[in-house]
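Trainee: Protein chains in written order, with numbering that gives the first Met the number 0: chain A, 0 to 243; chain B, 0 to 243. Handing you a structure now.
2 protein chains.
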Amino acid sequence: MDQNSLPPIQTTARDDAVLKALVGFVRAEALQPGERLPTERILAERLKVSRNTVREALTRWEGLGLVERRQGSGTYLKAAVSPDMLHMPLTLAGGNDFTSLMQTLEIRRALEAEAAALCAERASQADIAEIARKLDIMEQAFRTREGMSSEEDWEFHQAIYRVSGNPLFEQIIAAMHELFHRFWEHPLGVRDFGHASFPYHRTIYERIAARDPQGARAEALKLISTVEDDLKRGAAKLKLSSQT
Amino acid sequence: MDQNSLPPIQTTARDDAVLKALVGFVRAEALQPGERLPTERILAERLKVSRNTVREALTRWEGLGLVERRQGSGTYLKAAVSPDMLHMPLTLAGGNDFTSLMQTLEIRRALEAEAAALCAERASQADIAEIARKLDIMEQAFRTREGMSSEEDWEFHQAIYRVSGNPLFEQIIAAMHELFHRFWEHPLGVRDFGHASFPYHRTIYERIAARDPQGARAEALKLISTVEDDLKRGAAKLKLSSQT
DNA sequence: GTGGTCCAATGGTCCAACCAATTCCTGCAT
DNA sequence: ATGCAGGAATTGGTTGGACCATTGGACCAC
């Protein structure tokens, strides 16, 4: 017998019910990400549950990154919701050491390469133009400020993830990017960190514009490899300085 | 001015502090997954916070799958915790439909290819022998039972992830695998689902044994492509049958 | 305009009680 | 002794009400 044919009965599931109702509300009102949803007090009154129960439900959504709560202001939708969402919370035991950064980077290499390939397959002319725009901004920032800019660089890559047509790429890499962000400035004391990756941004774009998935994948792999090299260089330097 | 030089200050972070304290407690007591942690009332008293605050913190952990709460029994640890965990809650819109499966598969293709390449770089002779063993088991199961076996196939791939030296690969793919396990059996009614992927398991192994990262990556990409084709075939079939 | 003050709205925290599920122990019947 | 019904204690789930801290806008003096 399929054990799935007899799911456990639900006697009480207050907060789940609250979330279900909230999904219905968001869809009924056609709320977009960024908009504010009703106050906890109003929700509690309307749904005939305690405010604490509402809060537990919202806490869960906050943990999933679906809403953001701002004291004194309200609760705001952060992502689109749908009745049949699947949640896949991953918790990775990792630290701030060299090994963790390297492992994270390997994941990013995998996803970056695939996203670039998919992007080259699926990009419309408008998409390609948008990526070109982000590339220009990034290159100008590079020349003006004499170095890689986290912000504009990140925008460029995000554009690629978005055009790939698969939101999971952006979600996963965004989570890792947050972890990386503090080191992105001057990781491990390497001054020109990221310089070597600069030219590959344009080559990736060119392969995408040429609708060449294999080429885009190859260039993305090269880009991440330069970052890995920078990281290794920094680690070696750190090891050396600790020996003195 | 670097906008990072003025980060937002943190005035209150009660529940975060609770979780931090809880991490310390778990490590101090060397609690293993499955063990019970103190009751909410005791935690509230010890930490000098309200029980509500404790509950909000535990709700977050429950959402992340770190603990399990059983009414009348207690709260139990479900996974190892560490001070510097990285949380990556993924949400895929749409549940069991074709699009979700496809998007998940694209992520898997990215990770599978990279894991195979890293595996080819780093595998020791013992590692290669282990993978060969898993491959033999899988191939025998295929011939005996006249079809792909989820179990043995999964074991083979897991072995590759493990040898890649990066635990993140296995963690991420395992989360997705668990989520879609029910569909891996006969997804969308395609009988011989996965048959086409069979020969590529051996070719991947051969490229790994030959220490050929590029080749291993290419073979892994081919393997996932066959699965994608199967999926598309199933979707087309479904669409056709729904039109009658 | 600029800056300051006040105030209402809103999320954050706290408390005390009760409900519901679970666990465990007691005591009775066998 | 054994087994089992039944109740008491434990524990998470829910409720209602209160107060605190932050926000953002309205209003005002300069």
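Glycine included, each C-beta is placed from N, C-alpha and C at the ideal position.
1. Name the chain B residues that come within less than 7 Å of residue 62 (chain A), Cβ to Cβ?
2. In chain B, what lies closer than 8 Å to residue 34 (chain A) by C-beta?
3. Tell me whether residue 38 (chain B) is buried or exposed, calling it buried when 16 or more other Cβ atoms sit within 10 Å of its Cβ.
4. Between the beta-carbon of residue 55 (chain A) and the beta-carbon of residue 58 (chain B), is there less than 8 Å?
5. Contact defined as beta carbons within less than 8 Å: I believe residue 64 (chain A) pairs with residue 77 (chain A). What is the distance between those atoms, to the nearest angstrom?
6. DSSP on residue 74 (chain B), reduced to helix/strand/coil?
7. Would you call residue 99 (chain B) buried or exposed, if buried means 16 or more other Cβ atoms sit within 10 Å of its Cβ?
8. Give every residue of the same chain whose Cβ lies closer than 7 Å to the Cβ of residue 1 (chain A), excluding the five residues on either side of it in the sequence, and list them in chain order.
9. Compare the C-alpha of residue 69 (chain B) against each of B:42, B:151 and B:35 and name the closest.
10. What in chain B is Cβ-close to residue 31 (chain A), meaning under 8 Å?
11. State yes or no: is the C-beta of residue 175 (chain B) within less than 8 Å of the C-beta of residue 132 (chain B)?
12. Using a Cβ cut-off of 8 Å, which residues of the segment 107-124 of chain A contact any Cβ in chain B, in chain order?
13. So which of B:83, B:90, B:140 and B:221 has the shortest CA-CA distance to residue 22 (chain B)?
14. Name the DSSP bridge partner or partners of residue 87 (chain B)?
15. If we count the other Cβ atoms within 10 Å of its Cβ and call it buried at 16 or more, is residue 90 (chain A) buried or exposed?
16. When you compare the CB of residue 174 (chain A) with every CB in chain B, is at least one pair closer than 8 Å?
17. Just by C-beta distance, which residues in the segment 136-170 of chain A are closer than 7 Å to chain B?
18. Distance check for residue 213 (chain A) and residue 191 (chain A), CA to CA, integer angstroms please.
19. Of all Cβ atoms in chain A, is any one closer than 8 Å to the Cβ of residue 78 (chain B)?
20. Checking contacts by CB at 8 Å: is residue 105 (chain A) closer than that to chain B?
21. Relative to the alpha-carbon of residue 135 (chain B), which residue among B:86, B:116, B:227 and B:202 has its alpha-carbon at the smallest distance?
22. From residue 139 (chain B) to residue 223 (chain B), what distance separates their C-alpha atoms?
Mentor: On the basis of the data shown:
1. From the beta-carbon of residue 62 (chain A), the residues of chain B found nearer than 7 Å are 59, 62, 63 and 88.
2. By Cβ distance, chain B contributes nothing, its closest Cβ being about 17 Å from residue 34 (chain A), past 8 Å.
3. So residue 38 (chain B) counts as exposed.
4. The Cβ atoms of residue 55 (chain A) and residue 58 (chain B) lie closer than 8 Å to each other.
5. Right, the Cβ-Cβ distance comes to about 6 Å (below 8 Å), so this counts as a contact.
6. Strand.
7. Counting other Cβ atoms within 10 Å of its Cβ, residue 99 (chain B) reaches 16 or more and is therefore classed as buried.
8. Any reading at residue 1 (chain A) must be qualified, since the residue scores a pLDDT of 45, below 50, and its modelled position is unreliable; the value itself is stated next. Within the same chain, residue 1 (chain A) has no close Cβ partners at all.
9. Sorting B:42, B:151 and B:35 by C-alpha distance to the C-alpha of residue 69 (chain B) places B:35 at the top.
10. Neighbours of residue 31 (chain A) on chain B: none; closest Cβ ~14 Å, over 8 Å.
11. Contact: no.
12. Taken in chain order, the members of the segment 107-124 of chain A whose beta-carbon sits within less than 8 Å of a beta-carbon on chain B are 108, 109, 110, 112, 113, 114 and 117.
13. Relative to the Cα of residue 22 (chain B), the nearest Cα in the group B:83, B:90, B:140 and B:221 belongs to B:83.
14. A:89, per the DSSP bridge assignment.
15. Its Cβ being crowded by 16 or more others within 10 Å, residue 90 (chain A) is buried.
16. Cβ-Cβ to chain B under 8 Å: yes for residue 174 (chain A).
17. Result list: 165, 167 and 170.
18. Approximately 29 Å between the Cα atoms of the pair.
19. By this cut-off, residue 78 (chain B) is an interface position.
20. Yes, residue 105 (chain A) lies at the interface with chain B (some Cβ there is under 8 Å from its Cβ).
21. Distance check between residue 135 (chain B) and each of B:86, B:116, B:227 and B:202 places B:202 closest, using alpha-carbon atoms only.
22. Approximately 21 Å, taken between the alpha carbons.
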